[in-house]
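Residue numbers (the working numbering): 2 to 272.
Just so you know, even glycine gets a beta-carbon here, dropped at the ideal spot from N, CA and C.
One structure is given here, and the rest of the page talks about it.
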Amino acid sequence: MGESSFAGQRVLITGASSGIGAGLAERFAREGAIVGICARRADRLQEVLDRCREHSPDSRMWVCDLAVADEVDRLSAAALTEMGGVDVLVNNAGVPKRRAVSLLDPDTVDALTVINYLSPVRLTLRLLAHMLTRDSGTIVNVSSVAAVLSSPGEAAYDASKAALSVFSEAMAVDLWDTGVDVLTVYPGVVDTELFEVPGNDALSPEIERISVGELVDGVMDALGRGVLEVYIPAWFKDVAARKAGDVEKFLAGTAEWVRGQNPSGRADGQA
Ligand SMILES: NC(=O)c1ccc[n+]([C@@H]2O[C@H](COP(=O)([O-])OP(=O)(O)OC[C@H]3O[C@@H](n4cnc5c(N)ncnc54)[C@H](OP(=O)(O)O)[C@@H]3O)[C@@H](O)[C@H]2O)c1
């Protein structure tokens with residue numbers, strides 16, 4: 002087997018204490034990348050780092066709360082100083098909010114927007130100048146199919162991910178003539194702790210889940226192909242095209258499906 006294209010690359014991954022971020026960190030480390038990981042839960046992050054270091058001893062971690070702007074700035078500075086630069090930035094950290102709009106309050110929306118949209122944008126802008134100076138780098142933004150499908154019962158989450166996606170796409174155009182690449186990732190439903198975060202409605206058991214390994218395979222494949230976006234599983238791209246083709250029909254179909262899920266027969270799940 003030839004040497005991985007990520008050997009020796011410095012890869013910064015946010016939200017790597019569990020789920021997709023942990024899976025990506027371990028895969029990059031196995032491929033010889035020097036991995037920098039961050040999250041709030043130090044013990045869980047340390048476990049991931051220990052596994053990364055089995056393959057990539059120079060990997061490191063920073064415990065930080067990305068909801069705090071100063072901590073995002075400190076993370077970017079630490080990554081540049083301690084790793085000597087960042088070749089691949091993976092904006093993966095994120096939180097769910099499965100709650101119908103009739104029960105949403107503005108502060109919840111603000112907090113969600115900070116972690117899912119403002120913080121990855123802040124971290125990107127902090128690191129972009131260094132990538133542009135070298136005229137190389139890759140920025141991976143982990144969005145969600147919820148961003149394009151307007152998933153019911155999670156309007157605030159959908160919108161935070163849609164904002165990240167649109168920023169990501171427009172950034173790709175701005176950077177078209179530079180050596181900095183952008184990949185937007187649209188995961189479907191991945192079996193992670195995202196569905197155990199307190200303060201969220203339960204996920205419909207009807208929705209098919211894929212494993213973290215399948216998601217990681219899809220991201221690595223997309224990076225290898227140098228594409229701008231990837232839906233994982235791929236069939237979600239067809240669903241997105243169907244929605245774009247007839248939004249009214251798609252949303253009516255969504256409401257019908259949600260009504261069928263709820264004992265009250267209402268689209269917002271209320272009695
Ligand atoms: N699972 C899915 O079906 C799915 C589908 C589409 C998109 N996504 C997206 O994929 C990404 C990863 O989610 P996951 O499914 O792997 O869930 P997860 O296991 O809950 O991972 C979320 C990660 O984000 C970190 N995080 C959350 N808030 C943070 C904060 N304030 N500061 C620093 N780190 C923070 C968490 O670490 P700490 O709690 O230790 O801070 C954790 O490492 C998210 O952006 C999510 O929206 C997931």
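Query raised in the report: Can you give the beta carbon distance from alanine 268 to proline 153, rounded, assuming they're within the 8 Å contact cut?
Result: In the sequence shown, counting from the first residue as 1, residue 268 sits at position 267. In the sequence shown, counting from the first residue as 1, residue 153 sits at position 152. The Cβ separation is near 7 Å, so the contact holds.
Query raised in the report: To the nearest angstrom, how far is it from the Cα of alanine 30 to the Cα of serine 57?
Result: Position 29 of the sequence shown, counted from the first residue, corresponds to residue 30. Position 56 of the sequence shown, counted from the first residue, corresponds to residue 57. It is roughly 5 Å from the alpha-carbon of alanine 30 to the alpha-carbon of serine 57.
Requested in this report: Label lysine 162 either buried or exposed according to how many other C-beta atoms from any shown protein chain fall within 10 Å of its C-beta, with 16 as the threshold for buried.
Outcome: Within the sequence shown, residue 162 is the residue found at index 161, counting from 1. Buried, because 16 or more other Cβ atoms sit within 10 Å of the Cβ of lysine 162.
Report task. Enumerate in chain order the residues of its own chain whose CB-to-CB distance from phenylalanine 251 is below 7 Å, with the five nearest sequence positions on each side excluded. Result -> The residue you call residue 251 lines up with position 250 of the sequence shown. Contacts found: Arg243, Lys244.
Query raised in the report: Across which residues does DSSP place asparagine 142 in a beta bridge pair?
Result: What you label residue 142 is simply residue 141 of the sequence shown in a count that begins at 1. Asn92, Thr185.
Report task. Determine the direct distance from the alpha carbon of glutamate 32 to that of methionine 2, and round the result to whole angstroms. Result -> Here residue 2 refers to the residue found at position 1 of the sequence shown. Here residue 32 refers to the residue found at position 31 of the sequence shown. Residue placement at methionine 2 cannot be trusted, given a pLDDT of 46 that sits under 50; what the coordinates show is reported in the next sentence. Our two residues, methionine 2 and glutamate 32, have alpha carbons roughly 11 Å apart in a direct line.
Query raised in the report: Three or more beta-carbon pairs under 8 Å between the region 211-226 and the region 40-50, yes or no?
Result: Taking 8 Å as the limit for Cβ pairs, the verdict is that the region 40-50 does not touch the region 211-226.
Query raised in the report: To the nearest whole angstrom, what separates the beta carbons of glycine 95 and valine 213, a pair I think is in contact under 8 Å?
Result: In the sequence shown, the residue the question calls residue 95 occupies position 94. In the sequence shown, the residue the question calls residue 213 occupies position 212. Distance from glycine 95 to valine 213 at the Cβ level is roughly 14 Å; contact not present, criterion being Cβ atoms closer than 8 Å.
Query raised in the report: Count the other CB atoms within 10 Å of the CB of glycine 37; is the residue buried (16 or more) or exposed (fewer)?
Result: Position 36 of the sequence shown, counting from 1, holds the residue named residue 37. So glycine 37 ends up on the buried side.
Query raised in the report: What residue from Gly246, Glu170, Trp258, Ser205 has the CA that sits closest to valine 231's CA?
Result: For this step, residue 231 is matched to residue 230 along the sequence shown. Just measuring C-alpha positions, the residue of Gly246, Glu170, Trp258, Ser205 sitting nearest valine 231 is Glu170.
Requested in this report: Over the uninterrupted beta strand (DSSP E) stretch that includes glutamate 230, give me the two end residues.
Outcome: Sequence index remark: in the sequence shown, residue 230 carries index 229 (1-based). Looking at the DSSP string, the run of the beta strand (DSSP E) that includes glutamate 230 is 230-233.
Report task. Using only the heavy atoms of ligand 1, determine whether one of them is closer than 7 Å to the beta carbon of cysteine 53. Result -> Stepping through the sequence shown from its first residue, residue 53 is reached at position 52. Checking every heavy atom of ligand 1 against the Cβ of cysteine 53, none is found closer than 7 Å.
Query - Euclidean distance between Cα positions of arginine 100 and glutamate 194 - result: By one-based count along the sequence shown, residue 100 stands at place 99. By one-based count along the sequence shown, residue 194 stands at place 193. Near 17 Å, if we compare the C-alpha coordinates of glutamate 194 and arginine 100.
Report task. May I ask you to check if the CB of threonine 109 is nearer than 7 Å to at least one heavy atom of ligand 1? Result -> What you label residue 109 is simply residue 108 of the sequence shown in a count that begins at 1. Outside the cutoff, so no.
Report task. Put arginine 243 into one of helix, strand or coil per three-state DSSP. Result -> Working through the sequence shown from its first residue, we reach residue 243 at position 242. If DSSP states are grouped into helix, strand and coil, arginine 243 belongs with the helices.
Query raised in the report: At a cut-off of 7 Å, is serine 60 close to ligand 1 when judged by its beta-carbon and the heavy atoms of the ligand?
Result: As a working mapping, residue 60 is identified with position 59 in the sequence shown. No, ligand 1 has no heavy atom inside 7 Å of this Cβ.
Report task. Report the residue from Gly261, Val64, Val69 whose alpha carbon sits nearest the alpha carbon of alanine 79. Result -> In the sequence shown, residue 79 corresponds to position 78, counting from 1. The candidate whose alpha carbon is nearest that of alanine 79 is Val64.
Requested in this report: With distances taken Cα to Cα, identify the nearest neighbour of arginine 127 among Ser60, Thr114, Arg45, Glu72.
Outcome: Locating residue 127 in the sequence shown gives position 126, counting from the first residue. That would be Glu72, whose Cα lies nearest to the Cα of arginine 127.
Requested in this report: Under 8 Å Cβ to Cβ from aspartate 192, same chain only, skipping five residues before and after it: list those, please.
Outcome: Translated into positions along the sequence shown, residue 192 becomes position 191. Cβ neighbours of aspartate 192 beyond the five flanking positions: Arg210, Ile211, Ser212, Val213.
Query raised in the report: Quick one: Cα of leucine 81 to Cα of leucine 13, how far?
Result: Here the question's residue 81 lines up with position 80 in the sequence shown. Here the question's residue 13 lines up with position 12 in the sequence shown. When the Cα atoms are used, leucine 81 and leucine 13 turn out to be separated by approximately 10 Å.
Query raised in the report: Would you call alanine 235 buried or exposed, if buried means 16 or more other Cβ atoms sit within 10 Å of its Cβ?
Result: Sequence index remark: in the sequence shown, residue 235 carries index 234 (1-based). It is exposed - the Cβ of alanine 235 has fewer than 16 other Cβ atoms within 10 Å.
Query raised in the report: By the 10 Å Cβ neighbour count, where 16 or more other Cβ atoms means buried, how is glutamate 208 classified, buried or exposed?
Result: On the sequence shown, residue 208 is found 207 positions in, with the first residue counted as 1. According to the sequence as given, residue 208 is isoleucine; it is not glutamate. Under a 10 Å Cβ-count criterion, isoleucine 208 is classified as exposed, with fewer than 16 other Cβ atoms of the shown protein chains found around its own Cβ.
Query raised in the report: Among Thr139, Ala173, Val110, Leu133, which has the Cα closest to the Cα of tyrosine 158?
Result: For the purposes of this step, residue 158 is identified with residue 157 of the sequence shown, where counting begins at 1. The option with the nearest alpha carbon to tyrosine 158 is Val110.
Query raised in the report: Three-state secondary structure (DSSP) at threonine 193?
Result: What you label residue 193 is simply residue 192 of the sequence shown in a count that begins at 1. If DSSP states are grouped into helix, strand and coil, threonine 193 belongs with coil.
Report task. Report the three-state DSSP secondary structure of valine 69 (helix, strand or coil). Result -> Counting from 1 along the sequence shown, the entry for residue 69 is found at position 68. The answer is coil: DSSP assigns valine 69 none of H, G, I, E or B.
Query - Sequence-distant residues of the same chain with beta carbon closer than 6 Å to phenylalanine 196, five excluded per side - result: Residue numbering aside, residue 196 sits at position 195 when the sequence shown is read from its first letter. Within the same chain, Cβ atoms closer than 6 Å to the Cβ of phenylalanine 196 are found at Leu204, the five residues on either side in sequence being excluded.
Query raised in the report: Which stretch, first to last residue, makes up the beta strand (DSSP E) that contains tryptophan 285?
Result: Here the chain covers residues 2 to 272 and nothing more, so residue 285 does not appear.
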